[in-house]
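Residue numbers (our numbering), protein chains in the order written: chain D, 293 to 402; chain X, 5 to 121.
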């Protein structure tokens, strides 16, 4: 069964550093998403992406966040200057009809 | 805006017994989907079951079934013959029916289910 692949599975970074979280969506999917889950809390929508542009973003997705699909296969989330409160599990998902989630990247900001 | 409420933070059930997880939601939309996702300790999000709001028949997937009450905006999950592998966090989620990318999922806070041997 096709999968959404996320790398790395765990990333530790210093506060203020830039991080890039990577995702390879399912090849025939058209819509791409990033969600975030702070430990013990609910899963929150960050951004949706279609046709090489952002379709919708949440209040969480401020200027320190960006997404791109540089080569038609990878879908990345960049956090420019990480804060302690960015520590969370980040899920990539893709969709043509139903959602398929990746296994997540656990980001720890120290 | 949509809201999803899961008021029970934790539940416990004996192996082989049946358990029901509650979920209510609020929306002004008429066409939408409702989902239950399972999140085991590995943290992966696994789709358990999906219900289309325009379908009156409750969805069923093997041991998992839902009780969808559209007028009451209630969407509960019943797990029959509970197994140890069902131990996980369960999230109820809402999605507006749309052909575009603007079909984000709105999640409840989740419920931790423990299956006792």
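Glycine included, C-beta positions come from ideal geometry on N, C-alpha and C.
Alpha carbon to alpha carbon, how far is residue 36(X) from residue 90(X)? Rounded to the nearest whole angstrom, the CA to CA distance from residue 36(X) to residue 90(X) is 27 angstroms.
Mind the definition here: the segment 364-378 of chain D touches the segment 49-64 of chain X only if three or more C-beta pairs lie below 8 angstroms; say whether that holds. At 8 angstroms Cβ cutoff, the stretches do not touch.
My assumption, with CB atoms under 8 angstroms, is that residue 382(D) sits in contact with residue 397(D). Please give the rounded CB distance. About 5 angstroms separates the Cβ atoms of residue 382(D) and residue 397(D), confirming a contact at the 8 angstroms cut-off.
At a CB-CB cut-off below 9 angstroms, which residues of chain D make contact with residue 109(X)? In chain order: 325, 327, 335, 337, 385, 391.
So, at 6 angstroms on beta carbons, what are the nonlocal neighbours of residue 7(X) in its own chain, with the 5 sequence-adjacent residues on each side left out? Result list for residue 7(X): 30, in chain order.
Unbroken beta strand (DSSP E) run spanning residue 50(X), endpoints: For residue 50(X), the enclosing beta strand (DSSP E) has its first and last residue at 50-56.
Identify the residues that DSSP records as bridge partners of residue 358(D): which are they? Answer is 370(D), bridged to residue 358(D).
For residue 386(D), count the other beta carbons within 10 Å of its own beta carbon; 16 or more makes it buried, fewer makes it exposed. Which is it? By the 10 Å Cβ count, residue 386(D) comes out buried.
Provide the residue span of the beta strand (DSSP E) that contains residue 15(X), from first to last. Segment 14-18, the beta strand (DSSP E) holding residue 15(X).
Using a Cβ-Cβ cut-off of 8 angstroms (strictly less than) and excluding sequence neighbours within five positions of residue 77(X), which residues of its own chain qualify? Contacts found: 28, 29, 30, 31.
In chain D, what lies closer than 9 angstroms to residue 66(X) by C-beta? In chain order: nothing, as chain D lies at least about 17 angstroms away.
Cβ-Cβ distance between residue 328(D) and residue 338(D) below 7 angstroms: A contact, by the Cβ cut-off of 7 angstroms.
Just the chain X side, please: which residues come within less than 8 angstroms of residue 381(D) by C-beta, in chain order? Neighbours of residue 381(D) on chain X, chain order: 47.
Of the listed residues 389(D), 364(D), 303(D), 355(D), nearest to residue 373(D) (C-alpha basis): For residue 373(D), the nearest C-alpha among the options comes from 355(D).
Would you verify that the beta carbon of residue 364(D) is, or is not, closer than 7 angstroms to some beta carbon of chain X? No, residue 364(D) lies away from the interface with chain X (no Cβ there is under 7 angstroms from its Cβ).
Helix, strand or coil at residue 376(D) according to DSSP, with G and I counted as helix: Correct three-state label for residue 376(D): helix.
Using 8 angstroms as the Cβ pair cut-off and three pairs as the minimum, do the segment 7-21 of chain X and the segment 338-348 of chain D touch? Contact fails: fewer than three Cβ-Cβ distances are below 8 angstroms.
Please name the residue or residues paired with residue 71(X) in a DSSP beta bridge. According to DSSP, which records beta bridges pairwise, residue 71(X) is partnered with 80(X).
Would you decide whether residue 94(X) is buried or exposed? Buried here means 16 or more other CB atoms lie within 10 Å of its CB. If you draw a 10 Å sphere on the C-beta of residue 94(X), you find 16 or more other C-beta atoms in it, and that means buried.
Below 7 angstroms between beta carbons: does that hold for residue 394(D) and residue 304(D)? Remark: C-beta atoms of residue 394(D) and residue 304(D) do not approach each other more closely than 7 angstroms.
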